[in-house]
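Some notes on the structure that comes next.
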Amino acid sequence: LGDLLDVEGANGQSVPYLGYVELSITFPNEFVGSDINVNTLALVIPPLRSETQEQVLIGTNTLDALYAD
Numbered sequence: 001l002g003d004l005l006d007v008e009g010a011n012g013q014s015v016p017y018l019g020y021v022e023l024s025i026t027f028p029n030e031f032v033g034s035d036i037n038v039n040t041l042a043l044v045i046p047p048l049r050s051e052t053q054e055q056v057l058i059g060t061n062t063l064d065a066l067y068a069d
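With full-length UniProt numbering as the guide, the letters of the sequence shown map in order to residues 1 to 69.
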C-alpha cells in the first residue's frame, strides 16, 4: 500500500501509515449545530508514544462536509 499512496502532512513532511479503514463518523449537534454523518476513509497510523489503541488520521476532506451548506 505504501507504494501506491504517498501522504504528505500540512507541514510538508511524509505521514507514515499502516493501512486504511472505512469509517462512518457522526459529528454531534452540540459540535456543529445538527447531527452530520460522514462516510470516509481514515489512515491507520503507527503508535505515537506508548498508546495502546490503534489510532486513525482523518483528512480535511472529511471535515469539508461540515461546511457544505
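For each residue, glycine too, the CB sits at the ideal point set by N, CA and C. Since the model is a prediction, treat every value here as computed from it, not as a measurement.
Just verifying my parser: in three-state terms, what is the DSSP assignment at residue i?
i: LEU66; result: helix
i: ASN11; result: coil
i: THR60; result: helix
First and last residue of the beta strand (DSSP E) that includes residue i?
i: GLU22; result: 19-27
i: LEU57; result: 55-57
i: LEU41; result: 36-45
Here's a check: name, in chain order, each residue in its chain whose Cβ is nearer than 8 Å to the Cβ of residue i, leaving out the five neighbours to either side.
i: GLU6; result: The sequence as given places Asp at residue 6; Glu does not occur at that position. Taken in chain order, the residues that qualify are SER14.
Tell me which residues share the same chain as residue i and place their Cβ nearer than 6 Å to its Cβ, disregarding the 5 neighbours each side in the sequence.
i: ASN29; result: ASP35
I believe residue i touches residue j by the beta-carbon criterion, under 8 Å. Please report the beta-carbon distance rounded to the nearest angstrom.
i: VAL32; j: VAL44; result: No, VAL32 and VAL44 are not in contact; Cβ-Cβ is about 25 Å, not under 8 Å.
Nearest to residue i by alpha carbon, out of the options?
i: LEU4; options: PRO16, ASN11 and THR52; result: PRO16
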